[in-house]
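Chains as they are written, first to last, in our numbering: chain A, 582 to 1163; chain Y, 582 to 1163.
Positions of the beta carbon are idealized from the N, C-alpha and C atoms, including for glycine.
A quick note: this is a predicted structure, and the numbers were derived from the prediction, not measured.
Number of protein chains: 2
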Amino acid sequence: MITRLSTLFLRTLREDPADAEMPSHKLLVRAGYIRRVSPGIYSWLPLGLRVLRNIEAVVRQEMDAIGGQEIQFPALLPREPYQATGRWTEYGADLFRLRDRKGGDYLLGPTHEELFTLTVKGELSSYKDYPVILYQVQTKYRDEERPRAGILRGREFLMKDSYSFDLSDEGLARSYRAHREAYIKIFDRLGLRYVIVSAHSGAMGGSKSEEFLAEAETGEDTFVRSTESGYAANVEAVTTPAPPELPIAGRAPAQVLHTPDTPTIDTLVEHLNGAGLGRTFSAADTLKNVMVKTRQPGAQQWELLGVGLPGDREVDMKRLAASLAPAEVALLDDADFAAYPFLVKGYIGPGALAANRVRYLVDPRVARGTAWATGADRPDHHVIDLLCGRDFTPNGTIEAAQVCAGDPSPDGAGTLVIARGIEIGHIFQLGRKYTDAFALDALGPEGTPIRITMGSYGIGVSRLVGAIAEQSHDAYGLLWPREIAPADVHVVIAGKDETVGATGERLAVELDASGLRVILDDRLATPGVKFADAELIGVPTILVVGRGLASGVVEVKDRFSGERTEVPVESVVAHLRELCNK
Amino acid sequence: MITRLSTLFLRTLREDPADAEMPSHKLLVRAGYIRRVSPGIYSWLPLGLRVLRNIEAVVRQEMDAIGGQEIQFPALLPREPYQATGRWTEYGADLFRLRDRKGGDYLLGPTHEELFTLTVKGELSSYKDYPVILYQVQTKYRDEERPRAGILRGREFLMKDSYSFDLSDEGLARSYRAHREAYIKIFDRLGLRYVIVSAHSGAMGGSKSEEFLAEAETGEDTFVRSTESGYAANVEAVTTPAPPELPIAGRAPAQVLHTPDTPTIDTLVEHLNGAGLGRTFSAADTLKNVMVKTRQPGAQQWELLGVGLPGDREVDMKRLAASLAPAEVALLDDADFAAYPFLVKGYIGPGALAANRVRYLVDPRVARGTAWATGADRPDHHVIDLLCGRDFTPNGTIEAAQVCAGDPSPDGAGTLVIARGIEIGHIFQLGRKYTDAFALDALGPEGTPIRITMGSYGIGVSRLVGAIAEQSHDAYGLLWPREIAPADVHVVIAGKDETVGATGERLAVELDASGLRVILDDRLATPGVKFADAELIGVPTILVVGRGLASGVVEVKDRFSGERTEVPVESVVAHLRELCNK
């Protein structure tokens, strides 16, 4: 069926929408692919829905190819399974919750681990039934605090989520690898530039986890990679190499100094270096103690936590939050400081924390035997040569410090560079968190139960439309890879001449008949308007039927390269079929 | 791709599920097509999802064929548009409502008139842009009081809803006809037995409206049709022909009688006929006054309403509710009666209602000049010869009386018979209810605005799976029409013989390669188990590869007729291709 712009439900916009910052968001709205209904909630207009469906088809093909079986769960789910795993509470304000007319608690599913686990438990019993991979392409809901960037971070979105169920860790590793390879095929087919990074497993529980990030300067995920090795990780997953422990014996004793007006690291370092101590201090020699409060899911009470890190680093709140998840974390406010008079702002040290039984976690660089200049818990006083393991003993380590370009790569090869991306896929060895919660066992060959182990694998299908648009556009509009483009050829009838119109129509019919997907601009608009819309819509091949017709040629324009080729009108259908591999 | 039962995520059940009453519900669960998650909320397992997708495809093809353009709205919608049309309130408890983290009011869309209207207003402006038909296949939500019959009346369900936008009433009539014809094609392709009935327009507003009902004794919709004409209507839409008015002058005066112990119609009729009045009374000569209370959407207060109807009829609460929609209606309880002492139970007459300014609506048979025996508003007293239009004047008429088999057909031809069905489609000339609410105008050729007129058209896509199963099954299982069946051929390897297994495999591969959709039962189970599952699953053609192989034949079984044909193994692929028109 030919898509005629004279009747297509499409209005392109010359102006960027006021609420859009990212190019993909601006262009998808301007080109009439999506429309905003509410924050983070969008409608799909005809061209957008086609791209979305084309992406879905690619995802389905590759999931089917690894033996995935498609099923479909509801989006409206009862509370009980999520209560059983604790996620009803853990999800916090991100979960849309509602009550039905009888007062029953329901939620709009953010992911479906619970339902998949319960369904497998209902259907399968013998070890012979395993392994199994199930997936769905389904609408999901998250009440994001800051929905943004159009469909890149929405509150209603389309996801492919799959789950593998295996009898053994080796089986899980195989299912994980199969998904990893399928995801590579999918993202390659979609023409994306992406990296696979080690990921922090976050609130989901489980062990091995990787994210697929589409590279984009505008992306909201920060990741690092090594200058030398293949190491790449999202910032939350970067681990800090701990320096070797140092001996305690024979080290200089701790010494409290009067350091007036030195509430910041800079003022402290300047003071120490002017104090005639016979050595030079840098910010990296100081120990900064940042006070936060944490709260476990469902708890009423906040708990105080001290985070100690070298003074040349800031706390990265996303890394801190990932390390503490599923607990919430927040900085202390003035009221909190007032409630804990032992916290002397600017001069907090490990001493007062220990004396008041405040949990104290430190950066891995604060290793046993390292010496620090830090607060002495009195105004205008610091202590130097405070030795970790002798003068203070933290409750453990925590990954909370910012990661900086030039930091050593955790794998020991090279240093880190920092880049940004959009998370488009996530693969995850969940392990037995959910199968334990629901006692999902298979009956083994000897009649003994085998606890199943799970993987969970997600692709943000609607987000992919945005991610591809973010990577693939120019100043004039969108640039769709052919496989997912809303059409193969965009035929522009350029001119009011009757022969031009009739030839455009005829070519569109012939192209359509030969299996190509055709958009035909048969509107009364000027060629200029039509060209601009063709560029904006972003079909990979534009066929212009216009003045050249007098000399028997039409123009084929490659939307990606901008290259224009004159082709004899009688051979253009064959030419385009070849171009499109049809 | 061959679907192998050895790995398919499927467990068939020998027992009916405890909560199922209707055959379709029992069989869809037993055959592993659907699973219940919560009341009225179901998961689709692989075979069920295929049937659902196949039905979707048929619906899309026919919608595209009439020029429908597919778009997709969110299911999670902000309150404001529904507030603007009053439906936020009118929908009552059927609407799932929720709040987001910022306290904003949202709903889960039950239908999308508001969104379609607003979207068209946003995109189109000139009369040249019209007419337009837009549709979506989308998940919808209704918090049904009594979800039942599996997917036939769910709380989360898949619907195709389309909307036409026209410049004129004639245009709307054309769009309506196009949908009517498309629906006929769709339901014909799905092999359904159905009737098209005139429908009551209910809470949706608007005028002409028809429903497509799949005939099923177990259906929850009652409809009538004429014994002689083509008239068919759902019971809510049946109109009662009013008898001719009778003259008032010279009629017998009303007369109050002492009628002890006659609180029911039967006791009253018996008393009157034994009272020596010189004539015979039947229940149809008495006027029964049923007291109900109604409440407008959003109102706090209930309002009293008297419904007067001939004593040989009961009130049909569904007809009454349809007549009063969008107001709620409920019978009076004892507390209500206590609050209105002028209501003398068993002896209520029009007099007390008028004296107390209670709204009073009567059945159309209670025409001006008709005489009635009815309550005299005193215990043990009735009045006879109470003349409508002389002794009492109702506030209007209402369709609330039950419709009975044998009633005259409203079109004057024949009498009515009563049957039951499942609503599978609804087409509806909405008119300007929504375009008025949102001021949707097109700029006309002379620069004057033209108010757009709308139609709304729905098909219950997920319900169709149930409706087809309800019409098409036998004692052994489901019977799917080929176009929507989960496969074309179900190959049963019947026997452990190596040649049997290898031949079954080879035939499955060849059938798959020739474009047929194949299920292969390659399990280790007994032939009996395999035959039972094949019947239960309901693929239209079953190919049995078994003992006959020794004499070079396999068996082709027609699941509908039960007919078995022996076919030489070397020609069976060609035979089946022809059978399936591939």
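If you measure from the CB of Y:Asn1162, is any heavy atom of the ligand SAM nearer than 7 Å? With respect to the ligand SAM, the structure shown offers nothing to examine, as it has no ligands at all.
Which residue marks the beginning of the beta strand (DSSP E) containing A:Tyr623, and which one marks its end? A:Tyr623: member of the beta strand (DSSP E) spanning Ile622 to Trp625, first to last residue.
Rounded to whole angstroms, what is the Cα-Cα separation between Y:Gly943 and Y:Ala813? The question names Gly, but residue 943 of chain Y in the sequence shown is Val. So the alpha carbons of these two residues sit roughly 24 Å apart.
Does Y:Ala682 have its Cβ less than 8 Å from a Cβ in chain A? Note that residue 682 of chain Y corresponds to Arg in the displayed sequence, not to Ala. Chain A, which has a Cβ nearer than 8 Å to the Cβ of Y:Arg682, makes this yes.
For Y:Pro1062, the nearest candidate out of Y:Asp724, Y:Leu773, Y:Pro1149 and Y:Arg592 (CA to CA): The residue with the shortest Cα to Cα distance from Y:Pro1062 is Y:Leu773.
Can the beta-carbon of A:Glu1064 be found closer than 8 Å to that of A:Val639? For A:Glu1064 and A:Val639, yes; Cβs fall inside 8 Å.
Using beta carbons (cut-off 8 Å, strictly below), is Y:Gly1119 in contact with chain A? By this cut-off, Y:Gly1119 is not an interface position.
Cβ of Y:Phe1019 within 8 Å of Cβ of Y:Ser1037? No, the pair does not count as a contact, with Cβ atoms beyond the cut-off.
If you measure beta-carbon to beta-carbon, which residues of the segment 632-655 of chain Y are closer than 7 Å to chain A? Going along the segment 632-655 of chain Y in chain order, one finds Asp645, Gln650, Glu651, Ile652, Gln653, Phe654 and Pro655 with a Cβ nearer than 7 Å to chain A.
Give a yes or no on whether the C-beta atoms belonging to Y:Ala994 and Y:Cys969 are separated by under 8 Å. Not closer than 8 Å, so no.
Using the beta-carbon of each residue, which ones in chain Y are nearer than 7 Å to A:Val713? Neighbours of A:Val713 on chain Y, chain order: Phe590.
Using the rule of at least 16 other Cβ atoms within 10 Å of the residue's Cβ for burial, across every protein chain shown, is A:Phe918 buried or exposed? It counts as exposed.
Taking the alpha-carbon positions, what's the Y:Gly930 to Y:Ala864 distance? As the crow flies, the alpha-carbon of Y:Gly930 is around 16 Å from that of Y:Ala864.
Residue span of the beta strand (DSSP E) that contains A:Pro931, given as start and end: Under the DSSP assignment, A:Pro931 falls outside any beta strand (DSSP E), being part of the alpha helix (DSSP H) whose first and last residues are Pro931 to Ala936.
Cβ of Y:Leu827 within 8 Å of Cβ of Y:Gly977? Contact flag unset, no.
Would you mind stating whether Y:Leu676 and Y:Asp742 have Cβ atoms separated by less than 8 Å? The answer is no: Cβ separation not under 8 Å.
Chain-ordered chain Y contacts of A:Trp625 [CB-CB under 7 Å]: A:Trp625 reaches chain Y at Ile652 and Gln653, counting residues in chain order whose Cβ is nearer than 7 Å.
Give me the residue from Y:Gly1143, Y:Gly859 and Y:Val1125 with the minimum Cα distance to Y:Val1150. Among Y:Gly1143, Y:Gly859 and Y:Val1125, the Cα nearest to that of Y:Val1150 is on Y:Val1125.
Under 8 Å between C-beta atoms of Y:Ser1095 and Y:Val1134: Not closer than 8 Å, so no.
Kindly indicate which three-state DSSP category A:Trp953 falls into: helix, strand or coil? Residue state for A:Trp953 is assigned as strand, using DSSP reduced to three classes.
Just to confirm before moving on: does the CB-CB distance between Y:Glu1051 and Y:Thr803 stay below 8 Å? Not a contact, by the Cβ cut-off of 8 Å.
Does Y:His693 come out as helix, strand or coil in the three-state DSSP assignment? The DSSP-derived three-state label of Y:His693 is coil.
Just how far apart, CA to CA, sit A:Asp897 and A:Leu912? When rounded, the distance between both Cα atoms is 12 Å.
Might you give, ordered along the chain, the residues of its own chain that have their beta carbon closer than 6 Å to the beta carbon of Y:Glu895, omitting 5 neighbours on each side? Correct list, in chain order: Gln983.
Taking all protein chains shown into account, do 16 or more other C-beta atoms lie within 10 angstroms of the C-beta of Y:Glu596, making it buried, or fewer, making it exposed? With a 10 Å radius around the Cβ and a threshold of 16 neighbouring Cβ atoms, Y:Glu596 comes out exposed.
Can you give the Cα-Cα distance for A:Ala1083 and A:Ala612, rounded to whole angstroms? Taking the straight line from one Cα to the other gives about 27 Å.
Counting only the same chain and skipping the five closest in sequence on each side, list residues whose C-beta sits under 7 Å from that of Y:Asp972. Hits under 7 Å: Ala835.
For Y:Thr843 and Y:Pro604, the rounded distance between their alpha carbons: Here the alpha carbons of Y:Thr843 and Y:Pro604 stand approximately 45 Å from one another.
Who are the near neighbours of Y:Gly673 in its chain, counting only those whose CB is closer than 8 Å to its CB and skipping five residues on each side? Sequence-distant partners of Y:Gly673 (beyond 5 residues in either direction) whose C-beta falls short of 8 Å from its own C-beta, in its chain, are Pro878 and Glu909.
Identify the contact partners of Y:Ala674 in chain A, using a Cβ-Cβ distance below 8 Å as the criterion. Within chain A, the residues near Y:Ala674 are Arg682.
C-alpha gap between A:Val713 and Y:Ser1053, whole angstroms: Between A:Val713 and Y:Ser1053, the alpha-carbon positions lie close to 32 Å from each other.
Quick check on Y:Gly786: does DSSP put it in helix, strand or coil? Note that Y:Gly786 scores a pLDDT of 46, beneath 50, so its modelled location is shaky; the value from the coordinates is reported in the next line. DSSP places Y:Gly786 outside both helix and strand once states are collapsed to three, so it counts as coil.
Can you tell me whether A:Glu1116 is buried or exposed? The criterion is at least 16 other CB atoms within 10 Å of its CB, across all chains shown. Counting of Cβ neighbours within 10 angstroms places A:Glu1116 among the buried residues, the total reaching 16 or more.
What separation, rounded to the nearest whole angstrom, lies between the Cα atoms of A:Ala823 and A:Leu868? Those two C-alpha atoms are separated by around 15 Å.
Among all the DSSP beta bridges, which residues are the ones paired with Y:Phe1009? Its beta-bridge partners are Y:Ser790 and Y:Ser1037.
Cβ-based burial, A:Asn635 [other Cβ within 10 Å; buried from 16]: Per the 10 Å Cβ criterion, buried.
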